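A.B. asks: Quick one: structure below, then a few questions.
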Amino acid sequence: MNTHSNSIPESPREPQTSESQVKTPVVIPESRRLYWSVRRELWENRSIYMAPLAVAGVTLFGFVIATLGRALAMRDLAQRRAVLEEPYTFAALVIMATTLIVGIVYCLDALHGERRDRSILFWKSLPVSDLTTVLSKASIPLVVLPLLTFGITVAMQTIMVLLSSVVMLASGLSPATLWAQLSLYQMSILLNHLVTVHGLYYAPIYAWLLLVSGWARRAPFLWAGLPLLAIGVVEKIAFNSSHFAAMLGSRIAGGGEAAPFPMSNSATMHHELTLLTVGRFLVSPGMWLGLALAAAFLAGAVRLRRDQGPI
Amino acid sequence: MTVIEARGLRKAFGATTALDGVNLRVEEGRILGLIGPNGAGKTTALNAILGLTPYEGKLNVLGRDPWNERDQLMRDVCFIADVAVLPRWMQVWQTLDYLAGVHPRFDRVKAERFLAKTTFNRATKVRELSKGMVTQLHLALVMAIDARLLVLDEPTLGLDILYRKQFYDSLLNDYFDGNRTIVVTTHQVEEVEHVLTDLMFINRGRIVFDCSMEELESRYAEVTVHPEQVAAARALKPMHERRVIGRSVLLFDRVDRQQLAGFGEVHTPSIADLFVAVIGNQAGQAQGVAQ
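In order, the protein sequences belong to chains A and B.
In case it helps, this note's numbering puts the first sequence at residues 390 to 700.
In case it helps, this note's numbering puts the second sequence at residues 4 to 294.
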């Protein structure tokens, strides 16, 4: 191979070789590996952002029909205003429900899919620890999805407000109340809700799903649900009580001690959500128990990532 | 320096013993072929070396304990565990971006140069590539990593002859520089025959043969014996005898070639013949014990 040095294709190699030798001691911080691993998740699972975007598109389509069809058909201006102000909360809930489902589906496949298609052998050939991998996967439902939900909801509602402002102005109505939907106050309530409830309060649910996804050899969906059902059934038959089911239900509903995002109109939403301060929510024992449980589940998932090979 | 050192490596799956006290030592700059029949423990041994499976016994790879330090170990070790383990959803540019993002020894420019020789473009998904192309891509990625140890487990399984030939050619010409160490397992022994510097046979979870290729050439000799000389040749205790088109071919260990030349044509045995002799004898012995 020494003869290569005087051949033409070799000449560009020389500076690169020395360059790569200079590059060799480069230390990649774990945070950078985490960043790339999260990007990797987004490359693989485009539904993380495509699904809520598609739902936002459909919602806007429905809203256009409501605005141009139903609202304009209303002779009474007060009713017309009501139609235009009505769907904001509902639209936000639809996006939340979508990202919730996306998060559940994602978690159940996150540590199962790579074992099923054997690509885990490729991922494990890289200097990325199991901890970083699991954290990158957990950050999708706990960080990325809540922030994405926020961004998409705000963008969608902005378009809705602009659209109905045009209709209102054309009807001689003041769009001022509509713009309250986009107030900083409303936005911060939404963001608080997403971060505390979807990101933190749901953490044990997502962590459990990740754990099952890393453990189950097949049908992670069943393994995620059946043990919970079994606990509920045993409790019901043995003690004729349903504390476990109630606890689970309250967790999924967003917590008894925290006000759930209400289905009612924006006035009550205002009222109830002003009561919900992040402080109150964060001191509730349920929140901390849940986070401790989530940490334990994730630690288990890290262990399983190391132990399990392709299936 | 020693790259891999294993002492009394054991691993059982339930009642099956996959590794039954493996001792091995691989020095820097060697290309070791680990050859064995199906279920002999090759992949288990490699998995232990790569930190993919726990084990009993002592194992040291580049000064690290693979099972507990896999991620640090992978900065200096690379492996192709199987063809087609590249994630099927990935696009070519994503593999480059990701490796550049997480691997301190990945040289992107180098990878691009290897890929320039291929026919697929950057936006192609792995699932759209043929098996041979996936291997080309994986090899380009691996060769762009300045690793000290490269482990290949059946890297050419299921590839056609062109790709198989290309695979080992690029590995030798563009990658191996005498400082790196390569461990390869394969069933296609004839294609690694001239690549290896060291050879090990593994059978029933044990290393049953361990020899450098230079040693192999000086130590082992195969003779196509003239029919009238067979009895005399057998007296020298060949380790194996087979018949090829009516002629006896005897394989000798540590018998003077000058002496053997009298019986017929002497040549160095191929890995395949040696393998059959060593593993075949073992199977015979095992049967003898059973009886």
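By construction, the Cβ of each residue, glycine as well, lies at the ideal position given by its N, Cα and C atoms.
Quantities reported herein were computed from a predicted structural model and do not represent experimental measurements.
Helix, strand or coil for residue 561 of chain A per DSSP?
C.D. replies: If you number the first sequence from 1, residue 561 of chain A lands on position 172. It is coil, neither helix nor strand.
A.B. asks: What residues in the region 502-520 of chain A have a beta carbon less than 7 Å from any beta carbon of chain B?
C.D. replies: 506, 507, 508, 510, 511, 513, 514, 515, 516, 517 and 518
A.B. asks: Hey, would you say residue 442 of chain A sits closer than 8 Å to residue 567 of chain A, going by beta carbons?
C.D. replies: Against the first sequence, residue 442 of chain A aligns to sequence position 53. Against the first sequence, residue 567 of chain A aligns to sequence position 178. One thing to note: residue 442 of chain A has its Cβ no nearer than 8 Å to the Cβ of residue 567 of chain A.
A.B. asks: For the region 101-117 of chain B, which residues have a beta carbon sitting closer than 8 Å to at least one beta carbon of chain A?
C.D. replies: 101, 102, 104, 105, 106, 107, 108, 110, 112 and 113
A.B. asks: So what does residue 267 of chain B bridge to, in DSSP terms?
C.D. replies: Here residue 267 of chain B refers to the residue found at position 264 of the second sequence. Answer by DSSP bridge pairing, in chain order: B:228.
A.B. asks: I'd like to know if residue 261 of chain B contacts chain A, where contact means its C-beta is closer than 8 Å to some C-beta of that chain.
C.D. replies: Against the second sequence, residue 261 of chain B aligns to sequence position 258. For residue 261 of chain B, the answer is no, since every Cβ of chain A falls outside 8 Å of its Cβ.
A.B. asks: Does DSSP put residue 203 of chain B in a helix, a strand or coil?
C.D. replies: The residue you call residue 203 of chain B lines up with position 200 of the second sequence. The answer is strand: DSSP assigns residue 203 of chain B an E or B state.
A.B. asks: Near residue 499 of chain A, which residues of its chain fall below 7 Å by C-beta distance, leaving aside the five closest residues on each side in sequence?
C.D. replies: Here residue 499 of chain A refers to the residue found at position 110 when the first sequence is read from its first residue. 526, 599 and 602.
A.B. asks: Spatial neighbours of residue 214 of chain B within its chain, please: CB distance less than 6 Å, with the 5 preceding and 5 following residues excluded, ordered by chain position.
C.D. replies: Here residue 214 of chain B is taken as the residue at index 211 of the second sequence, counted from 1. So the list reads 202, once near-sequence residues are dropped.
A.B. asks: Determine, using beta carbons only, whether residue 615 of chain A and residue 452 of chain A come nearer to each other than 8 Å.
C.D. replies: Your numbering for residue 615 of chain A matches position 226 in the first sequence. Your numbering for residue 452 of chain A matches position 63 in the first sequence. No, the pair does not count as a contact, with Cβ atoms beyond the cut-off.
A.B. asks: Does residue 529 of chain A get closer than 8 Å to chain B when you measure Cβ to Cβ?
C.D. replies: The residue you call residue 529 of chain A lines up with position 140 of the first sequence. Answer no: the Cβ-Cβ gap between residue 529 of chain A and chain B never drops below 8 Å.
A.B. asks: Quick one: list the residues of chain A neighbouring residue 82 of chain B, beta-carbon separation under 7 Å, in chain order.
C.D. replies: Position 79 of the second sequence, counting from 1, holds the residue named residue 82 of chain B. Near residue 82 of chain B (Cβ distances below 7 Å), the residues of chain A are 514.
A.B. asks: What does residue 433 of chain A touch in chain B if you count any residue whose Cβ is under 8 Å from its own?
C.D. replies: Locating residue 433 of chain A in the first sequence gives position 44, counting from the first residue. The contacting residues are 90, 92 and 93.
A.B. asks: Under a three-way DSSP split, which group does residue 210 of chain B fall into?
C.D. replies: Numbered from its first residue, the second sequence carries residue 210 of chain B at position 207. Note: residue 210 of chain B maps to strand in three-state DSSP.
A.B. asks: Answer yes or no: do residue 228 of chain B and residue 238 of chain B have a C-beta to C-beta separation smaller than 8 Å?
C.D. replies: To locate residue 228 of chain B, count along the second sequence from 1; it is residue 225. To locate residue 238 of chain B, count along the second sequence from 1; it is residue 235. Cβ distance not < 8 Å, so residue 228 of chain B and residue 238 of chain B don't count as in contact.
A.B. asks: Report yes or no: do the region 138-152 of chain B and the region 173-186 of chain B share at least 3 C-beta pairs separated by less than 8 Å?
C.D. replies: yes
A.B. asks: When we look at the beta-carbon of residue 268 of chain B and count the other beta-carbons within 10 Å, is it buried (16 or more) or exposed?
C.D. replies: On the second sequence, position 265 is the one that residue 268 of chain B refers to. Answer is exposed; the Cβ neighbour count stays below 16.
A.B. asks: What residues in the region 679-698 of chain A have a beta carbon less than 7 Å from any beta carbon of chain B?
C.D. replies: 698
A.B. asks: Check whether the Cβ atoms of residue 55 of chain B and residue 186 of chain B lie closer than 8 Å to each other.
C.D. replies: Position 52 of the second sequence, counting from 1, holds the residue named residue 55 of chain B. Position 183 of the second sequence, counting from 1, holds the residue named residue 186 of chain B. Against a cut-off of 8 Å, the Cβ pair of residue 186 of chain B and residue 55 of chain B comes out as no contact.
A.B. asks: Are the CB atoms of residue 495 of chain A and residue 437 of chain A nearer to each other than 8 Å?
C.D. replies: Along the first sequence, one-based indexing puts residue 495 of chain A at 106. Along the first sequence, one-based indexing puts residue 437 of chain A at 48. For residue 495 of chain A and residue 437 of chain A, yes; Cβs fall inside 8 Å.
A.B. asks: Chain B partners of residue 425 of chain A, CB-CB under 7 Å?
C.D. replies: Translated into the one-based positions of the first sequence, residue 425 of chain A becomes position 36. The answer, in chain order, is 101, 104 and 105.
A.B. asks: Indicate the three-state DSSP secondary structure (helix, strand or coil) for residue 63 of chain B in the structure shown.
C.D. replies: The sequence position of residue 63 of chain B within the second sequence is 60, counting from 1. Of the three classes helix, strand and coil, the one that applies to residue 63 of chain B here is strand, per DSSP.
A.B. asks: For residue 185 of chain B, name the three-state secondary structure that DSSP assigns.
C.D. replies: On the second sequence, residue 185 of chain B is found 182 positions in, with the first residue counted as 1. In this structure, residue 185 of chain B counts as strand in the three-state DSSP scheme.
A.B. asks: Throw me the rounded Cβ distance for the residue 188 of chain B and residue 31 of chain B pair, which I believe falls under 8 Å.
C.D. replies: On the second sequence, residue 188 of chain B is found 185 positions in, with the first residue counted as 1. On the second sequence, residue 31 of chain B is found 28 positions in, with the first residue counted as 1. Their Cβ separation, rounded to whole angstroms, is 19 Å, which puts residue 188 of chain B and residue 31 of chain B out of contact at 8 Å.
A.B. asks: Are any of the Cβ atoms in chain B nearer than 8 Å to that of residue 655 of chain A?
C.D. replies: Looking up residue 655 of chain A in the first sequence gives position 266. Unreliable positioning characterises residue 655 of chain A in this predicted model, as indicated by a pLDDT of 43, which lies under 50. The coordinate reading is nonetheless provided below. It does not; no Cβ of chain B falls within 8 Å.
A.B. asks: If we cut at 8 Å on Cβ distances, does residue 421 of chain A have a partner in chain B?
C.D. replies: Position 32 of the first sequence, counted from the first residue, corresponds to residue 421 of chain A. Yes, its Cβ sits closer than 8 Å to a Cβ of chain B.
A.B. asks: What three-state label does DSSP hand residue 697 of chain A in the structure shown?
C.D. replies: Position 308 of the first sequence, counted from the first residue, corresponds to residue 697 of chain A. DSSP, reduced to helix, strand and coil, places residue 697 of chain A outside both helices and strands of the structure shown, so it counts as coil.
A.B. asks: Rounded C-beta distance between residue 224 of chain B and residue 204 of chain B? I'm assuming under 8 Å.
C.D. replies: The residue you call residue 224 of chain B lines up with position 221 of the second sequence. The residue you call residue 204 of chain B lines up with position 201 of the second sequence. Their Cβ separation, rounded to whole angstroms, is 18 Å, which puts residue 224 of chain B and residue 204 of chain B out of contact at 8 Å.
A.B. asks: Please list, in chain order, the chain B residues whose beta carbon lies closer than 7 Å to that of residue 416 of chain A.
C.D. replies: What you label residue 416 of chain A is simply residue 27 of the first sequence in a count that begins at 1. Correct list: 107.
A.B. asks: Looking at the C-beta of residue 429 of chain A, does it have a partner C-beta in chain B at a distance below 8 Å?
C.D. replies: For this step, residue 429 of chain A is matched to residue 40 along the first sequence. Cβ-Cβ to chain B under 8 Å: yes for residue 429 of chain A.
A.B. asks: Any idea what DSSP makes of residue 260 of chain B, helix, strand or coil?
C.D. replies: Here the question's residue 260 of chain B lines up with position 257 in the second sequence. In the structure shown, residue 260 of chain B sits in a helix (DSSP, three-state: H, G or I).
A.B. asks: Which of the three DSSP states is assigned to residue 586 of chain A in this structure?
C.D. replies: Position 197 of the first sequence, counted from the start, is the residue given in the question as residue 586 of chain A. In this structure, residue 586 of chain A counts as helix in the three-state DSSP scheme.
A.B. asks: With distances taken Cα to Cα, identify the nearest neighbour of residue 206 of chain B among B:65, B:271 and B:280.
C.D. replies: Counting from one through the second sequence, the residue named residue 206 of chain B turns up at place 203. Minimum Cα distance to residue 206 of chain B is reached at B:280.
A.B. asks: Sorted by chain position, which residues of the same chain lie with C-beta nearer than 8 Å to residue 621 of chain A's C-beta, five sequence neighbours on each side aside?
C.D. replies: Numbered from its first residue, the first sequence carries residue 621 of chain A at position 232. Taken in chain order, the residues that qualify are 631, 633, 634 and 637.
A.B. asks: For chain A, find out if any of its Cβ atoms is closer than 8 Å to the Cβ of residue 55 of chain B; answer yes or no.
C.D. replies: Taking the first residue of the second sequence as 1, we reach residue 55 of chain B at position 52. Output row for residue 55 of chain B: interface = yes.
A.B. asks: According to the neighbour-count rule (16 or more other Cβ atoms, all chains shown, within 10 Å of its Cβ), is residue 572 of chain A buried or exposed?
C.D. replies: In the first sequence, counting from the first residue as 1, residue 572 of chain A sits at position 183. Exposed is the call here.
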